[in-house]
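*Asks:* Using our numbering, the first residue of the sequence shown is number 458, and each one after it goes up by one.
We put the CB at the ideal spot given by N, CA and C, even for glycine.
In this text the structure is predicted, and so the values were computed from the model without any measurement.
Sending over a structure as structure tokens; questions will come in a sec.
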Amino acid sequence: MKYHAIFTLALVFVFGSVPSIAQDTWSLKEMEIEQPWARASIGTIRPTAAYMKIHNTGTEEDRLLSVSSPLSELVEVHRTSKNNGMMSMEPAGTITIAGKSTVVLAPGELHLMLMKLKSPLVKGEFTQITLNFERAGTVTVTAPIYGVGTTIPK
458 MKYHAIFTLA
468 LVFVFGSVPS
478 IAQDTWSLKE
488 MEIEQPWARA
498 SIGTIRPTAA
508 YMKIHNTGTE
518 EDRLLSVSSP
528 LSELVEVHRT
538 SKNNGMMSME
548 PAGTITIAGK
558 STVVLAPGEL
568 HLMLMKLKSP
578 LVKGEFTQIT
588 LNFERAGTVT
598 VTAPIYGVGT
608 TIPK
């Protein structure tokens with residue numbers, strides 16, 4: 458009986474603390490979007506961020522023109538940089554993905570800023586993120602939402 462309780466608690470800890478989704482890669486022509494995820498927000502007052510890997514499996518470059526989410530009025534690609542020992546973020550504009558290459562959106566690097574939130578992003582839930590590419594077109598991915606301070610999806 459004791460082992461059954463420990464096993465049950467272990468299952469709850471492993472599977473109950475992390476959002477799960479059957480799909481973690483989306484394809485659109487030569488573009489593959491892998492492992493999208495977002496951070497929970499602190500209400501709707503402060504923005505939050507989302508991350509993913511974008512693979513261009515084709516030979517021609519493509520450009521990420523815009524991003525949107527139903528939970529946010531404004532989504533921009535931002536770049537984190539360090540100037541004179543100070544970290545700062547700024548809009549990165551259109552992102553070019555060369556043929557046969559990958560762009561990684563990750564904490565402390567390029568990332569998606571979800572601003573002017575319409576509703577909070579809640580840990581354990583999911584959000585839709587729509588990416589609009591110049592050549593490939595538009596694809597909507599489903600991103601699990603992890604904790605506020607998460608740096609690696611867990």
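Applying the 10 Å Cβ sphere with the 16-neighbour rule, what's the burial state of Val605?
*Replies:* That one is exposed.
*Asks:* If contacts are defined as beta-carbon pairs under 8 Å, then Met546 and Thr537 qualify, I think. What distance do you get, rounded to the angstrom?
*Replies:* That belief holds up - the Cβ atoms of Met546 and Thr537 are roughly 5 Å apart, short of 8 Å.
*Asks:* Would you kindly report the start and end of the unbroken beta strand (DSSP E) that includes Arg496?
*Replies:* Met488 to Arg496 is the span of the beta strand (DSSP E), which, as asked, contains Arg496.
*Asks:* So Trp494 and Val596 are supposed to be a Cβ contact under 8 Å. How far apart are they, rounded?
*Replies:* So it is not a contact: roughly 16 Å between Cβ atoms.
*Asks:* Starting from the C-beta of Ala530, find all residues in its chain whose C-beta is less than 6 Å away, skip the five residues before and the five after it, and write them out in chain order.
*Replies:* With the sequence shown as reference, residue 530 is identified as Glu, and Ala is not the correct amino acid for it. These residues qualify, in order along the chain: Lys573.
*Asks:* From Arg592 to Arg503, what distance separates their C-alpha atoms?
*Replies:* The alpha-carbon atoms of Arg592 and Arg503 are separated by roughly 33 Å.
*Asks:* Going by CA-CA distance only, name the one from Ile609, Val598, Pro610 and Leu578 that's closest to Thr501.
*Replies:* Closest option to Thr501, Cα to Cα, is Leu578.
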